[in-house]
Amino acid sequence: MDAELMAAATGALVQAMTTDAWRAVRGQVAALLGRGGREDEVTAELEVVREEATADGDEVAALAWLRRTLRANPEFAAELRELLLGSADLPQQGARVVNHISGGSFTGKVFQGENITIESVN
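If you count by our numbering, then the sequence shown holds residues 293 to 414, one letter each, in order.
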């Protein structure tokens, strides 16, 4: 895999690590690279890489892991590239947050950001 594709695949891997799509992507990558009974081992490696990459926002750990993995298993490069670059098409849904505001006074202010759905119950 050339350097540009490696960088794109690494970016896709790290992006997936920070979304709800991570479980699906992790399972697919582990199934691909864990052929021959190594799936649990690859899953554990991916979790270590995820912790390192998301702790400081640095993709170096993920890039190093991908390089090591592809040196050991060059036959997986095309499938892994397709899988990771295709993972950008997975839904990128964040966690759902529900806030309930109650009290005796309805004159106070409530501030909230992002996408808001207001349901008023009186």
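Idealized CB from N, CA, C, for every residue including glycine.
For residue i, collect the residues of the same chain with a Cβ closer than 8 angstroms to its Cβ; drop the 5 residues on either side in sequence, then sort them by chain order.
i	result
residue 303	351
residue 254	Absent from the structure is residue 254, since the part of the chain shown begins at 293 and ends at 414.
residue 321	305, 334, 338, 372, 375 and 376
Quick one: is residue i buried, meaning 16 or more other Cβ sit within 10 Å of its Cβ, or exposed?
i	result
residue 363	exposed
residue 341	buried
residue 308	buried
residue 330	exposed
residue 359	exposed
residue 336	exposed
residue 301	buried
Could you tell me the alpha carbon to alpha carbon distance between residue i and residue j, rounded to whole angstroms?
i	j	result
residue 367	residue 347	31 angstroms
residue 314	residue 296	23 angstroms
residue 328	residue 349	32 angstroms
residue 361	residue 317	16 angstroms
Consult DSSP for residue i and reduce its assignment to one of helix, strand or coil.
i	result
residue 319	helix
residue 313	coil
residue 328	coil
residue 351	coil
Could you check where the alpha helix (DSSP H) with residue i kicks off and where it finishes?
i	result
residue 374	369-378
Got a sec? Which residues, its chain only, sit under 6 angstroms from residue i by beta carbon, not counting five neighbours each side?
i	result
residue 305	354 and 376
residue 344	353
Do residue i and the ligand HEM come close, with the Cβ less than 7 angstroms from some heavy atom?
i	result
residue 333	This structure simply doesn't include the ligand HEM, nor any ligand for that matter.
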